[in-house]
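Q:
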Amino acid sequence: MTADTPLWSPTPASIAASRLGRFAAWVDERRGLSLGQDYDAIWTWSTEHLDQFWADVATWFDVFPGEAPVRDDEVLGSRAMPGAEWFPERTLNLAQLALRHASDDRPAFIAVHETETGLSDPEELSWASLRGQVGAFAATLRGLGVQRGDRVAGYLPNVPEAVVAFLGCASIGAVWSTCAPDFGTRSVLDRFAQIEPVVLVAVDGYRFNGKEHDRRDVVAELRAALPTVRTTIALPRLHVEVPDGALAWADAVADEQAPVFEALPFDHPLWIVFSSGTTGLPKGIVHGHGGVALEQLKQGGLHIDVGPGDRFYWYASTAWIMWNIATCSLLTGATVVVHDGAPGFPTLDTQFAVAEATGLTYLGTSAGYLTACERAGLRPVDTRDLSALRSIGSTGSPLPAAAYEWVYSSVKPDVFLGSLSGGTDVATGFIGSSLLLPVVAGELQRPMLGVAAASWDEAGHPVVGELGELVVTEPMPSMPLFFWADPDGTRYREAYFEPWPGVWRHGDWLETTPTGSCIITGRSDSTLNRGGVRMGTADLYAAVESIPAIADCVVLGVEQRDGGYWMPLFVQLAPGFELTDALVTEIRDAVRRDASPRHVPDEVIVVPGVPHTRTGKRLEVPLKRLFQGVAPEKALNVGAVDDASVVDHYVQLAAERGVR
Numbered sequence: 003m004t005a006d007t008p009l010w011s012p013t014p015a016s017i018a019a020s021r022l023g024r025f026a027a028w029v030d031e032r033r034g035l036s037l038g039q040d041y042d043a044i045w046t047w048s049t050e051h052l053d054q055f056w057a058d059v060a061t062w063f064d065v066f067p068g069e070a071p072v073r074d075d076e077v078l079g080s081r082a083m084p085g086a087e088w089f090p091e092r093t094l095n096l097a098q099l100a101l102r103h104a105s106d107d108r109p110a111f112i113a114v115h116e117t118e119t120g121l122s123d124p125e126e127l128s129w130a131s132l133r134g135q136v137g138a139f140a141a142t143l144r145g146l147g148v149q150r151g152d153r154v155a156g157y158l159p160n161v162p163e164a165v166v167a168f169l170g171c172a173s174i175g176a177v178w179s180t181c182a183p184d185f186g187t188r189s190v191l192d193r194f195a196q197i198e199p200v201v202l203v204a205v206d207g208y209r210f211n212g213k214e215h216d217r218r219d220v221v222a223e224l225r226a227a228l229p230t231v232r233t234t235i236a237l238p239r240l241h242v243e244v245p246d247g248a249l250a251w252a253d254a255v256a257d258e259q260a261p262v263f264e265a266l267p268f269d270h271p272l273w274i275v276f277s278s279g280t281t282g283l284p285k286g287i288v289h290g291h292g293g294v295a296l297e298q299l300k301q302g303g304l305h306i307d308v309g310p311g312d313r314f315y316w317y318a319s320t321a322w323i324m325w326n327i328a329t330c331s332l333l334t335g336a337t338v339v340v341h342d343g344a345p346g347f348p349t350l351d352t353q354f355a356v357a358e359a360t361g362l363t364y365l366g367t368s369a370g371y372l373t374a375c376e377r378a379g380l381r382p383v384d385t386r387d388l389s390a391l392r393s394i395g396s397t398g399s400p401l402p403a404a405a406y407e408w409v410y411s412s413v414k415p416d417v418f419l420g421s422l423s424g425g426t427d428v429a430t431g432f433i434g435s436s437l438l439l440p441v442v443a444g445e446l447q448r449p450m451l452g453v454a455a456a457s458w459d460e461a462g463h464p465v466v467g468e469l470g471e472l473v474v475t476e477p478m479p480s481m482p483l484f485f486w487a488d489p490d491g492t493r494y495r496e497a498y499f500e501p502w503p504g505v506w507r508h509g510d511w512l513e514t515t516p517t518g519s520c521i522i523t524g525r526s527d528s529t530l531n532r533g534g535v536r537m538g539t540a541d542l543y544a545a546v547e548s549i550p551a552i553a554d555c556v557v558l559g560v561e562q563r564d565g566g567y568w569m570p571l572f573v574q575l576a577p578g579f580e581l582t583d584a585l586v587t588e589i590r591d592a593v594r595r596d597a598s599p600r601h602v603p604d605e606v607i608v609v610p611g612v613p614h615t616r617t618g619k620r621l622e623v624p625l626k627r628l629f630q631g632v633a634p635e636k637a638l639n640v641g642a643v644d645d646a647s648v649v650d651h652y653v654q655l656a657a658e659r660g661v662r
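Residue numbering for the sequence shown follows my numbering, starting at 3 and increasing by one per position.
(1) Is it buried or exposed for GLY424, if we count other Cβ within 10 angstroms and need 16 for buried?
(2) For VAL221, which residues of its own chain have a beta-carbon under 6 Å away from its beta-carbon, when the five flanking residues on both sides are left out?
(3) Residues bridged to MET478 by DSSP?
(4) How should TRP664 be labelled, buried or exposed, when 16 other C-beta atoms within 10 angstroms of its C-beta is the threshold for buried?
(5) Could you work out which residue in THR349, ALA318, PRO348 is closest to VAL339 when comparing CA atoms only?
(6) Helix, strand or coil, according to DSSP, for GLN574 in the structure here?
(7) Apart from the five residues on each side of it in sequence, which residues of its chain come closer than 6 Å, Cβ to Cβ, to ASP58?
(8) How about THR234 and ARG225: do their beta carbons lie closer than 8 Å?
(9) Under a Cβ-count criterion, where at least 16 other Cβ atoms within 10 Å of its own Cβ denotes burial, should VAL242 be classed as buried or exposed?
(10) Can you say whether SER435 is buried or exposed, counting buried as having 16 or more other CB atoms within 10 angstroms of its CB?
(11) Would you report the Cα separation of SER68 and GLN149, rounded to the nearest angstrom?
(12) Determine, using beta carbons only, whether ILE17 and LEU304 come nearer to each other than 8 Å.
(13) Mapping DSSP to helix, strand and coil, what is ILE174?
(14) What are the start and end residues of the beta strand (DSSP E) that includes LEU419?
(15) So for TRP486, helix, strand or coil by DSSP?
(16) Here's the rule I'm using: 16 or more other beta-carbon atoms within 10 Å means buried, otherwise exposed. How should ARG664 be labelled?
(17) Based on the DSSP secondary-structure assignment, which residues constitute the bridge partners of HIS614?
(18) On the CB-based measure, 16 or more other CB atoms within 10 Å of its CB, does ILE306 come out buried or exposed?
(19) Can you tell me whether ASP650 is buried or exposed, with buried defined as 16 or more other CB within 10 angstroms of its CB?
(20) Starting from the C-beta of ALA155, find all residues in its chain whose C-beta is less than 6 Å away, skip the five residues before and the five after it, and write them out in chain order.
(21) On the DSSP bridge assignment, give the partners of MET537 in chain order.
(22) Could you compute how far the alpha carbon of THR349 sits from the alpha carbon of ALA357?
(23) Under the rule that 16 or more other beta-carbon atoms within 10 Å means buried, what is ASN211, buried or exposed?
(24) Mind the definition here: the stretch 308-328 touches the stretch 498-514 only if three or more C-beta pairs lie below 8 Å; say whether that holds.
(25) Which word fits ASP192, buried or exposed, when buried means at least 16 other C-beta atoms lie within 10 angstroms of its C-beta?
(26) Going by DSSP, name the residue or residues bridged to VAL609.
(27) Which of the three DSSP states is assigned to ILE549 in this structure?
(28) Which residue marks the beginning of the beta strand (DSSP E) containing GLU116, and which one marks its end?
(29) Whole angstroms are fine: how far does the CA of THR352 sit from the CA of LYS414?
(30) Are the stretch 70-78 and the stretch 87-100 in contact at 8 Å, needing three or more beta carbon pairs?
(31) Below 8 Å between beta carbons: does that hold for ASP40 and VAL442?
(32) Give me the residue from ALA176, ALA236, ALA113, ALA164 with the minimum Cα distance to LEU143.
(33) When we look at the beta-carbon of THR373 and count the other beta-carbons within 10 Å, is it buried (16 or more) or exposed?
(34) Starting from the C-beta of ARG21, find all residues in its chain whose C-beta is less than 8 Å away, skip the five residues before and the five after it, and write them out in chain order.
(35) Taking C-beta to C-beta, are GLN574 and GLY611 nearer than 8 Å?
(36) According to DSSP, is ALA328 helix, strand or coil?
In structure tokens, the structure reads:
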């Protein structure tokens with residue numbers, strides 16, 4: 003096999019049976035087109051005729067039930083970026099769309115959680131029960147005086163109650179926001195204090211990686227520091243008692259009833275999600291009901307290909323946009339599987355254990371998890387019953403080619419593997435997967451439908467076969483409505499629309515191959531630039547992480563004050579290994595062979611660990627700023643780091659180099 007030999011290929015029958023195949027055939031008949039089953043032709047139409055495409059998506063998924071058919075001329079009131087106006091005359095409610103499947107006899111949710119020794123048995127929640135609890139919670143909010151536009155905050159793990167609270171909030175037009183309970187007080191206040199919530203839904207603790215984590219003190223501190231919170235709704239997980247003055251979760255959902263849905267403008271705020279906050283106060287990103295509903299129906303129903311009868315899972319915490327996206331698979335009628343616990347407890351193959359126990363048809367995970375399984379030599383194909391599993395999704399960082407090959411050799415030979423790239427910024431993907439296309443190791447298949455994504459050079463010209471900036475040249479329905487506390491939009495424009503006004507610059511390096519597939523090579527603001535040649539970091543990481551002695555690593559490209567350029571590689575060693583001269587030579591040789599001679603680091607430095615954001619991204623830019631002499635408190639926010647204790651080592655290294 004050559005490097006570009008497909009690991010999986012569609013057949014005419016599989017394409018015709020896919021939801022996108024059926025959608026394309028319907029569009030051809032409806033509009034007299036001849037797109038056929040050619041993904042590139044469908045994509046070109048979807049980006050050159052946004053009004054037609056999104057009108058057809060809205061019609062196909064019945065986004066405005068009971069209303070007049072969608073006309074092309076009502077889709078876009080304005081195409082400006084930022085500031086596009088989508089469906090300005092239409093109303094909807096995302097919660098209503100998500101709960102319209104309540105008559106289905108399949109479960110809405112299946113929950114598994116971590117126990118002292120492993121995983122619990124799966125627990126099902128019916129559509130009828132979900133609908134009744136959402137109605138009860140919404141009635142409780144109304145009784146507490148919560149009104150349209152008020153903020154409701156959740157300090158919650160990935161449990162069904164979090165989804166009930168979110169949908170109850172959305173049903174009345176209040177605005178939801180959440181933090182995971184592994185966040186400490188300061189990190190939560192950095193987010194929630196900005197948005198001034200009137201209700202706080204909080205857990206008393208959680209179990210993770212075999213340990214109980216009591217959060218009662220944090221919740222008490224949050225209540226004291228958030229003066230706008232009128233009511234705290236307490237969700238017990240580790241304890242029985244309810245804090246003084248709080249409302250018990252059981253009481254908040256006791257009076258199950260049919261929800262009453264507010265008819266909301268298409269762009270009414272749905273939730274506030276936050277940037278990682280690694281270099282300053284997290285930005286509050288506001289998305290709307292209609293934009294999220296359209297994008298998630300498109301992504302879930304056409305790209306991921308899930309619907310009624312599917313069981314959909316994505317390992318995520320409530321601090322990661324993938325929790326929001328997984329929740330939105332309810333829109334398609336799929337059953338959502340939620341997992342509250344560590345990704346690799348009690349054993350590394352835990353996510354495959356979840357797949358077996360719940361009969362997953364779609365398993366969503368991270369590139370880091372699949373890579374860890376591959377490097378550990380796991381073979382779920384031999385130990386787990388994955389007969390129901392049709393698809394695996396990966397996101398969070400570029401998926402190395404070796405992990406693609408491992409999935410097909412060691413998980414399931416006929417599974418569809420899709421690597422996706424998007425972000426919190428748009429609550430969806432830019433580059434994604436399609437059952438109409440083959441799967442090639444190391445490549446993302448195509449830009450997603452309706453996403454006018456391209457790779458641009460520094461002069462703003464499209465490039466193929468070389469690294470460029472990932473840009474989007476036409477509006478997407480789920481682009482942020484605005485940033486919280488950014489009244490004139492200055493921070494919003496600075497974040498995405500520089501240096502090209504009217505063009506979204508995402509901050510990723512994208513290479514579009516001559517065949518049309520895509521390769522994401524890392525963040526453009528952390529790009530290596532040696533001798534004027536720009537290089538992504540993903541190729542270097544893939545080379546280094548193939549070495550058994552390396553547990554994790556991070557490379558920095560540091561422009562120095564004297565005009566020099568320093569490119570160190572920091573490595574965390576696997577247990578039992580030392581950084582010998584022989585290992586350094588092995589690392590350099592692997593990078594030279596598998597990436598390029600220009601990728602070879604100037605130094606290899608052993609460290610106790612590599613800090614990441616809470617969504618698993620290496621802290622390349624904040625660490626680079628440390629070594630450029632930026633004060634630690636300005637270079638990064640340790641509250642947004644997965645292991646803040648590791649950061650001190652880099653601060654000390656920077657001080658020893660005399661950069662400050």
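Beta carbons are placed, not taken as given, at the ideal position from N, Cα and C, and that holds for glycine.
A: The answer reads as follows:
(1) buried
(2) ALA204
(3) For MET478, which the question treats as bridged, DSSP gives no partner whatsoever.
(4) Nothing about residue 664 can be read from this structure; the chain reaches only from 3 to 662.
(5) The option with the nearest alpha carbon to VAL339 is ALA318.
(6) strand
(7) VAL29
(8) yes
(9) exposed
(10) buried
(11) Residue identity differs from the one stated: residue 68 is Gly in this sequence, not Ser. GLY68 and GLN149: Cα-Cα distance of roughly 26 Å.
(12) Going by C-beta atoms, ILE17 is not nearer than 8 Å to LEU304.
(13) coil
(14) 418-421
(15) coil
(16) For the chain, the structure presents residues 3 to 662; residue 664 sits outside this window and is missing.
(17) ARG620
(18) buried
(19) exposed
(20) Only SER179, PHE194, PRO199, LEU202 meet the Cβ criterion.
(21) LEU530
(22) 14 Å
(23) Under this definition ASN211 is an exposed residue.
(24) no
(25) buried
(26) DSSP output for VAL609 lists no bridge partner at all.
(27) DSSP places ILE549 in coil when its eight states are reduced to three.
(28) Where GLU116 is concerned, there is no enclosing beta strand (DSSP E), given that its DSSP letter is neither H nor E.
(29) Roughly 16 Å separates the two Cα atoms.
(30) The stretch 70-78, when compared against the stretch 87-100, does touch it at the 8 Å Cβ threshold.
(31) no
(32) ALA176
(33) buried
(34) GLY303, LEU304, ASP307, GLY309
(35) yes
(36) helix
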